[in-house]
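Trainee: Numbering (the working numbering), first residue to last: 1 to 372. For every residue, glycine included, the Cβ atom is placed at its ideal position computed from N, Cα and C. Values in this document were obtained by computation on a predicted structure and should not be read as measured data. If you scroll down you'll find the structure; I have some questions about it.
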Ligand SMILES: [Zn+2]
């Protein structure tokens with residue numbers, strides 16, 4: 001335990017005889033506990049032992065969830081995960097908590113991502129956690145069309161009442177989700193004809209675009225990139241973090257938003273980047289970007305190939321977008337080709353191992369940039 005120091009802090013934060021008048025404390029015990037935890041965390045100011053801080057943050061997340069304040073709940077769960085990613089008990093509380101947050105926000109696919117990895121450690125669950133796991137994951141499965149999987153998670157009949165109560169609660173849409181980074185609009189995956197899921201901008205906590213972007217009426221070519229960064233590991237949050245850092249980098253270069261329209265992580269998840277109603281900022285210059293859909297695969301493919309899931313997702317996405325905008329095969333490019341043509345400069349992007357996939361997508365034909 002780190003210590004004398006954190007225990008003396010907690011003593012101070014509790015019944016301090018010279019402290020603030022009791023009358024200012026909230027009457028509701030839950031609210032009082034929230035105020036106390038917030039105060040304690042403020043006092044730790046990033047200097048507490050991370051595992052200790054994370055436990056407080058996880059508890060705070062659960063309390064905010066009780067209060068139906070989904071925005072603060074989500075924030076505290078994420079902070080807890082950030083502070084102590086490997087602390088077993090914290091990890092479980094955070095995953096169950098975020099699973100419920102996402103369900104209540106109407107994002108069942110994210111809830112599945114959070115909850116499924118817990119299956120491996122269910123043996124150690126308390127009865128209550130086991131029931132929450134079953135209730136949330138079964139609801140998330142139902143809402144993503146996996147009813148057979150959902151059925152397998154029903155508990156024995158004597159737990160049925162509580163199971164149903166938990167599901168009802170998680171099925172409520174939050175009343176106070178707080179301000180969002182982007183105005184809500186239907187996610188791209190609701191586009192008819194797209195038979196795959198696209199994680200909306202809110203799932204990587206995109207910052208709002210800065211200034212006005214140029215509208216893009218239709219797509220006439222597709223350009224493929226790599227992020228030239230470390231490949232992302234399995235957790236959703238890893239990829240989300242990398243996408244946020246790409247957006248930050250693009251802001252620093254003066255772009256209005258992340259430059260790519262789509263990003264694909266090593267797990268093959270497809271993420272929404274810049275709104276497709278606007279021209280991207282990825283290919284080299286304004287002419288190169290005109291009606292040019294930008295897709296970036298997370299990772300560095302100079303000497304390593306994309307993962308099979310990542311390549312599959314790319315093929316699915318390119319096929320769908322080609323069909324949608326009637327883009328011919330010879331209008332699929334690697335970044336290097338487009339940049340060279342429009343600016344005379346070269347780039348290693350998207351790396352030779354991804355470039356060979358691009359050539360294959362083109363059906364062995366040569367790209368035709370002169371065609372307007
Ligand atoms: Zn590139």
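Could you tell me the distance, in whole angstroms, from the CA atom of residue 230 to the CA atom of residue 283?
Mentor: Using only the alpha carbons, I get a separation of about 21 Å.
Trainee: What's the gap between the Cα of residue 164 and the Cα of residue 266?
Mentor: Taking the straight line from one Cα to the other gives about 36 Å.
Trainee: May I have all residues whose beta carbon comes closer than 5 Å to any heavy atom of ligand 1, sorted in chain order?
Mentor: Output, sorted by chain position: 225, 335 and 349.
Trainee: Name the one or two DSSP bridge partners that residue 204 has.
Mentor: In DSSP, residue 204 forms no bridge with anything.
Trainee: Can you name, in chain order, every residue of its own chain whose Cβ lies under 6 Å from the Cβ of residue 101, other than the five neighbours on each side?
Mentor: Cβ neighbours of residue 101 beyond the five flanking positions: 70, 73 and 74.
Trainee: What residue range is occupied by the uninterrupted beta strand (DSSP E) comprising residue 333?
Mentor: Start and end: 332 to 334.
Trainee: Ignore the nearest five residues each way along the sequence and tell me which others in residue 59's own chain have a CB closer than 7 Å to its CB.
Mentor: Excluding sequence neighbours, residue 59 sits near 37.
Trainee: Would you decide whether residue 223 is buried or exposed? Buried here means 16 or more other CB atoms lie within 10 Å of its CB.
Mentor: The residue in question, residue 223, is buried, as its Cβ has 16 or more Cβ neighbours within 10 Å.
Trainee: In angstroms with no decimal places, state the Cα-to-Cα distance between residue 362 and residue 220.
Mentor: So the alpha carbons of these two residues sit roughly 14 Å apart.
Trainee: With a 10 Å radius around its C-beta and 16 neighbouring C-beta atoms as the bar for buried, classify residue 107 as buried or exposed.
Mentor: Its Cβ being crowded by 16 or more others within 10 Å, residue 107 is buried.
Trainee: Out of 93, 55 and 169, which has the shortest C-alpha to C-alpha gap to residue 83?
Mentor: The residue with the shortest Cα to Cα distance from residue 83 is 55.
Trainee: Please name the residue, chosen from 119, 251 and 280, that lies closest to residue 210 on a Cα-to-Cα basis.
Mentor: The candidate whose alpha carbon is nearest that of residue 210 is 251.
Trainee: Please report the distance separating the alpha-carbon of residue 188 from that of residue 199.
Mentor: Low confidence applies here, because residue 188 scores a pLDDT of 41, under 50, leaving its location unreliable and the question unanswered by this model.
Trainee: Going residue by residue through the stretch 62 to 120, where are the continuous beta strand (DSSP E) segments of at least 3 residues, counting only ones entirely within it?
Mentor: Entirely contained in the stretch 62 to 120, not one beta strand (DSSP E) run reaches 3 residues.
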